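**Student:**
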Ligand SMILES: [Zn+2]
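Residue numbers (our numbering): 1 to 470.
Right, dumping it as structure tokens:
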């Protein structure tokens, strides 16, 4: 009864509103099926990349042949939901398969505790070489404690772009020979300030972004959070810009720039004869609001633009290529899926479910994705059909979207994918079911201790410049 009400009957993928007509990019090269034992795994997280800005997820304009190529050789999950819309909490969930209420990392100023077993530790324990490269200061191990089990952790440095990130990874890869490896590669290029290098900065914009007659950026300025719109870093980035379309085009250009680098990464594996022996996971820690609900250039709230992320997996030799899975999955599911492939016993405390039944084409029991906002401001439950949001405290991070304790929102994603019509007072029976589900989830928490985060004044300043407040 619960599931029948919450899920509805149509399990087909949703089309982003702006993605008409659907533009299909046909990849020209399939990845090989593979006939050799897997050697390693590359776990890529593209910070702030929303799913619907990839061509393989239906964007009408943005070109992403790199992502599409991996999808053509692997599996694309069309409804993957992140556990949080903030960087460190979301990564902590991916690497431990725990929800925020389990590991308790609710901000970029907090560190994961030592108790949860991380992917790095589990792979290192099996003799894998382990590597991470992060491009945000708060992901550095002394702040986040996400370096557990990682032998080579290349910390964030100022504005390292995706090309230098990949070069650094490849240097490390080339030192390893036949030793199995696990690598987490993080890109920050899609985060504010969106500053793709030429020619990507003009890829989707050929007008005059400084034309005084244009007023669109000025019109949305009141919607920006003050800690962003007043920050010198932000002001410098947008100095003299009048057209908000230019800002959107910078985000789009950054997506295509990172995508080209992902294409280069795949080419580099191919050149090394490693493509058929390397597992690739492509995903994002959260998305980005680009005007929805009057929120611009932030990942506040738990609406689809911020929680719906790409998830593309490539498992050589798995036999299923170019498959699309439209069931709801969560980022905590990546962890058990990797462990199962490499035959590593999973820890007891784990929230994710292996994606293998879905990859094989089976239909396991459907699930409700659970996401939590930074600072414990909000939670959401997301079935195939509905999104339920509950505000847990009063807070005002956004001029247009205050958190109001006790407030509930309900959206029928099938009829209203843009989440414009709140049905919480119209569908009380559905709300009651979600309330009960939420009560059950919140009762069933591990509530682990967080770790010690070493935060320098410089880190605080960088976090402010990225739009995070303490
Ligand atoms: Zn992030």
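Built from N, CA and C at the ideal position, the CB exists for glycine as well. Quick caveat: nothing in here was measured; it's all calculated off a predicted structure.
Taking residue 408 as the reference, which of 417, 385, 398, 381 has the closest Cα?
**Tutor:** Translated into positions along the chain shown, residue 408 becomes position 408. Nearest C-alpha to residue 408: 381.
**Student:** Mapping the DSSP letters down to three states, classify residue 454 as helix, strand or coil.
**Tutor:** Mapped onto the chain shown, residue 454 falls at position 454. In this structure, residue 454 counts as coil in the three-state DSSP scheme.
**Student:** Among the residues of its own chain, which have a CB less than 8 Å from the CB of residue 21, if the five just before and after it don't count?
**Tutor:** Taking the first residue of the chain shown as 1, we reach residue 21 at position 21. Residue placement at residue 21 cannot be trusted, given a pLDDT of 32 that sits under 50; the coordinates are not used to answer.
**Student:** With a threshold of 8 Å on Cβ separation, who are the neighbours of residue 23 within its own chain once the five nearest residues in sequence on each side are excluded?
**Tutor:** Residue mapping note: residue 23 aligns to position 23 of the chain shown, counting from 1. Caution applies to residue 23, whose pLDDT of 35 falls short of 50 and renders its modelled position unreliable; the value that the coordinates give is listed next. Cβ neighbours of residue 23 beyond the five flanking positions: 55, 58, 59, 60, 61.
**Student:** How is residue 210 classed by DSSP in three states: helix, strand or coil?
**Tutor:** For the purposes of this step, residue 210 is taken as residue 210 along the chain shown, with counting starting at 1. DSSP places residue 210 in coil when its eight states are reduced to three.
**Student:** How big is the Cα-Cα spacing for residue 439 and residue 432?
**Tutor:** Indexing the chain shown from 1 puts residue 439 at position 439. Indexing the chain shown from 1 puts residue 432 at position 432. Roughly 10 Å separates the two Cα atoms.
**Student:** Since I believe residue 187 is in contact with residue 47 (beta carbons under 8 Å), could you give me their beta-carbon distance rounded to a whole number of angstroms?
**Tutor:** By one-based count along the chain shown, residue 47 stands at place 47. By one-based count along the chain shown, residue 187 stands at place 187. Indeed, because the Cβ distance is near 6 Å, the residues count as touching under 8 Å.
**Student:** Name the one or two DSSP bridge partners that residue 184 has.
**Tutor:** Residue 184 sits at position 184 when you count from the first residue of the chain shown. According to DSSP, residue 184 bridges with 43, 132.
**Student:** Is it buried or exposed, residue 327, if we count other Cβ atoms within 10 angstroms and call 16 or more buried?
**Tutor:** The sequence position of residue 327 within the chain shown is 327, counting from 1. So residue 327 ends up on the buried side.
**Student:** Starting from residue 428, trace the alpha helix (DSSP H) both ways and give me its first and last residue.
**Tutor:** Within the chain shown, residue 428 is the residue found at index 428, counting from 1. First-last of the alpha helix (DSSP H) with residue 428: 428 to 443.
**Student:** Is it buried or exposed, residue 387, if we count other Cβ atoms within 10 angstroms and call 16 or more buried?
**Tutor:** Here the question's residue 387 lines up with position 387 in the chain shown. Buried.
**Student:** At a Cβ threshold of 8 Å, is residue 416 touching chain E?
**Tutor:** No chain E appears in this structure, which consists of one protein chain only.
**Student:** Just the C-alpha distance for residue 25 and residue 392, rounded to the nearest angstrom, thanks.
**Tutor:** Locating residue 25 in the chain shown gives position 25, where the first residue counts as 1. Locating residue 392 in the chain shown gives position 392, where the first residue counts as 1. Residue placement at residue 25 is poorly supported in this model, since its pLDDT is 40, which falls under 50; the coordinates still yield a value, given next. Straight-line Cα distance between these residues: approximately 42 Å.
**Student:** Compare the Cα-Cα distances from residue 164 to each of 300, 261, 370, 331 and report the closest residue.
**Tutor:** Indexing the chain shown from 1 puts residue 164 at position 164. When only C-alpha atoms are compared, the closest one is 261.
**Student:** Between the alpha carbons of residue 313 and residue 215, how many angstroms are there, rounded?
**Tutor:** Here residue 313 refers to the residue found at position 313 when the chain shown is read from its first residue. Here residue 215 refers to the residue found at position 215 when the chain shown is read from its first residue. Whole-angstrom Cα-Cα distance: 42 Å.
**Student:** Quick one: using the 10 Å Cβ neighbour count with 16 as the cut-off for buried, is residue 221 buried or exposed?
**Tutor:** By 1-based counting over the chain shown, the position of residue 221 is 221. Exposed, because fewer than 16 other Cβ atoms sit within 10 Å of the Cβ of residue 221.
**Student:** Could you check what DSSP says for residue 283 in three-state terms: helix, strand or coil?
**Tutor:** As a working mapping, residue 283 is identified with position 283 in the chain shown. Of the three classes helix, strand and coil, the one that applies to residue 283 here is strand, per DSSP.
**Student:** Would a C-beta distance cut-off of 8 Å place residue 41 and residue 338 closer than the cut-off?
**Tutor:** Counted from its first residue, the chain shown places residue 41 at position 41. Counted from its first residue, the chain shown places residue 338 at position 338. Cβ atoms of residue 41 and residue 338: closer than 8 Å.
**Student:** Helix, strand or coil: how does DSSP classify residue 26 here?
**Tutor:** Position 26 of the chain shown, counted from the first residue, corresponds to residue 26. For residue 26, the pLDDT reaches just 38, beneath the cut-off of 50, and the residue's location in the model is therefore unreliable, leaving the point undetermined.
**Student:** State the start and end residues of the unbroken beta strand (DSSP E) segment that holds residue 324.
**Tutor:** As a first step, residue 324 must be located in the chain shown, where it is residue number 324. Here the beta strand (DSSP E) through residue 324 covers 323 to 330.
**Student:** Under 7 Å from any heavy atom of ligand 1, does the C-beta of residue 283 make it?
**Tutor:** Position 283 of the chain shown holds residue 283. The answer is no for residue 283.
**Student:** Is DSSP giving residue 122 helix, strand or coil here?
**Tutor:** Position 122 of the chain shown, counting from 1, holds the residue named residue 122. Residue state, collapsed to three classes: helix.
**Student:** Less than 8 Å between the CB atoms is what I'm expecting for residue 80 and residue 283, so what's the real figure, rounded?
**Tutor:** Stepping through the chain shown from its first residue, residue 80 is reached at position 80. Stepping through the chain shown from its first residue, residue 283 is reached at position 283. Correct: roughly 7 Å between the Cβ atoms.
**Student:** Report the residue from 419, 204, 114 whose alpha carbon sits nearest the alpha carbon of residue 303.
**Tutor:** For the purposes of this step, residue 303 is taken as the residue at position 303 of the chain shown. That would be 419, whose Cα lies nearest to the Cα of residue 303.
**Student:** So the alpha helix (DSSP H) residue 265 belongs to, where does it begin and stop?
**Tutor:** Numbered from its first residue, the chain shown carries residue 265 at position 265. First-last of the alpha helix (DSSP H) with residue 265: 244 to 271.
**Student:** Residue 204 and residue 249 - do their beta-carbons sit closer together than 8 Å?
**Tutor:** In the chain shown, the residue the question calls residue 249 occupies position 249. In the chain shown, the residue the question calls residue 204 occupies position 204. Yes; because the gap between Cβ atoms is below 8 Å, this pair is in contact.
**Student:** I'd like to confirm the pairing. Which residues does DSSP put opposite residue 414 in its beta bridges?
**Tutor:** Locating residue 414 in the chain shown gives position 414, where the first residue counts as 1. BP columns for residue 414 are empty, so no partner.
**Student:** Does the separation of the CB atoms of residue 464 and residue 227 fall below 8 Å?
**Tutor:** What you label residue 464 is simply residue 464 of the chain shown in a count that begins at 1. What you label residue 227 is simply residue 227 of the chain shown in a count that begins at 1. Against a cut-off of 8 Å, the Cβ pair of residue 227 and residue 464 comes out as a contact.
**Student:** Which same chain residues, not among the five before or five after residue 11, have their C-beta less than 7 Å away from its C-beta?
**Tutor:** The count along the chain shown starts at 1 and reaches residue 11 at position 11. Reliability fails at residue 11, whose pLDDT of 32 lies under 50, so the model's placement of it is uncertain and the value that follows must be treated cautiously. Contacts found: 326, 327, 384.
**Student:** Would you check if the distance between the CB atom of residue 372 and the CB atom of residue 139 is smaller than 8 Å?
**Tutor:** Residue 372 sits at position 372 when you count from the first residue of the chain shown. Residue 139 sits at position 139 when you count from the first residue of the chain shown. No, the pair does not count as a contact, with Cβ atoms beyond the cut-off.
**Student:** Rounded to a whole number of angstroms, what is the C-alpha to C-alpha distance between residue 270 and residue 323?
**Tutor:** If you number the chain shown from 1, residue 270 lands on position 270. If you number the chain shown from 1, residue 323 lands on position 323. So the two alpha carbons sit approximately 21 Å from each other.
**Student:** What first and last residue would you give for the alpha helix (DSSP H) that runs through residue 391?
**Tutor:** Residue mapping note: residue 391 aligns to position 391 of the chain shown, counting from 1. From DSSP, residue 391 is part of no alpha helix (DSSP H) but of the beta strand (DSSP E) over 386 to 391.
**Student:** Could you give the C-beta distance for residue 379 and residue 367, rounded to a whole number, given that I count them as a contact under 8 Å?
**Tutor:** For the purposes of this step, residue 379 is taken as the residue at position 379 of the chain shown. For the purposes of this step, residue 367 is taken as the residue at position 367 of the chain shown. Rounded, the Cβ-Cβ distance is 16 Å, inconsistent with contact.
**Student:** Just to confirm, does residue 48 get its C-beta within under 7 Å of one of the non-hydrogen atoms of ligand 3?
**Tutor:** The ligand content of the structure shown is limited to ligand 1, which means ligand 3 is not among them.
**Student:** Counting pairs of beta carbons, one from the region 231 to 242 and one from the region 129 to 139, are three or more of them closer than 8 Å?
**Tutor:** Segments in contact, no.
**Student:** Could you round the C-beta distance between residue 451 and residue 113 to whole angstroms and report it? I think they count as a contact, below 8 Å.
**Tutor:** For the purposes of this step, residue 451 is identified with residue 451 of the chain shown, where counting begins at 1. For the purposes of this step, residue 113 is identified with residue 113 of the chain shown, where counting begins at 1. 5 Å between Cβ atoms; contact.
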